[in-house]
Amino acid sequence: MKQIAFLMHKSFHGRFRVKEFIPFFKNHGINVELVRVPDNILSRYRNYKRLSDFDIVIVQRRLLSPLDLTLVKSYSKKMLFDFDDSIMYRSSRHKNHHSWSKMKKFKTMMKTVDAVIAGNTYLKNEAAKFIPHEKIYIIPTIVDLKEYSIKNYNETKKDFIIGWIGTSGNLDYLKSITPA
Numbered sequence: 008m009k010q011i012a013f014l015m016h017k018s019f020h021g022r023f024r025v026k027e028f029i030p031f032f033k034n035h036g037i038n039v040e041l042v043r044v045p046d047n048i049l050s051r052y053r054n055y056k057r058l059s060d061f062d063i064v065i066v067q068r069r070l071l072s073p074l075d076l077t078l079v080k081s082y083s084k085k086m087l088f089d090f091d092d093s094i095m096y097r098s099s100r101h102k103n104h105h106s107w108s109k110m111k112k113f114k115t116m117m118k119t120v121d122a123v124i125a126g127n128t129y130l131k132n133e134a135a136k137f138i139p140h141e142k143i144y145i146i147p148t149i150v151d152l153k154e155y156s157i158k159n160y161n162e163t164k165k166d167f168i169i170g171w172i173g174t175s176g177n178l179d180y181l182k183s184i185t186p187a
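Mind the numbering: the sequence shown is residues 8 to 187 in our numbering, read in order.
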């Protein structure tokens, strides 16, 4: 049986990128384990050593420090990176979005992994600056409509509710559509 480890800093980051796919993997004979990255360096090292038990290690969303990246790569048979956000830039609340340190970590991550899973075309193009296109796959973030049903709004109803699956730090972006 194939084994995949998703290396995650916080479990809620993967609720739509990872957890929605677990039943699919299981139905296809693939065992999935969510491996947390603890804050404590010794606990992290113990978790990293376990990665050699897996066929594929997928680092989910977080750019690793050079030491962590080296350790994870050394224990991984195949290492992928999955992201669905512009993590190579600063938050848009900053006047200058470019961050030399984030871009350096992003570039190093791209050059280290065996393949990349990007959430959209924009992110694929960002990754393609450092890794060949054929090693980048687009998998959009999904929502299971069996769990979150679509409401039927008729034309006479004026109000409707918008769901937000992003972080609270990005709620400011909804202000631009409030008048609508």
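Backbone N, C-alpha and C fix where the C-beta goes; we use that ideal spot for every residue, glycine too.
- Segment contact: the region 112 to 129 against the region 137 to 147, three or more CB-CB distances shorter than 8 Å; contact assigned.
- At the C-beta level, L78 and V42 stay beyond 8 Å of one another.
- In this structure N38 does not touch K84 by the C-beta definition: roughly 15 Å separates them, more than the 8 Å allowed.
- Under the DSSP assignment, I48 falls in the alpha helix (DSSP H) whose first and last residues are 48 to 57.
- The Cβ-Cβ distance between F28 and T148 does not fall below 8 Å.
- Taking the Cα of K56 as reference, the smallest distance to any Cα among L71, G126, K80 is reached at K80.
- Relative to the Cα of P73, the nearest Cα in the group S50, K109, D92 belongs to K109.
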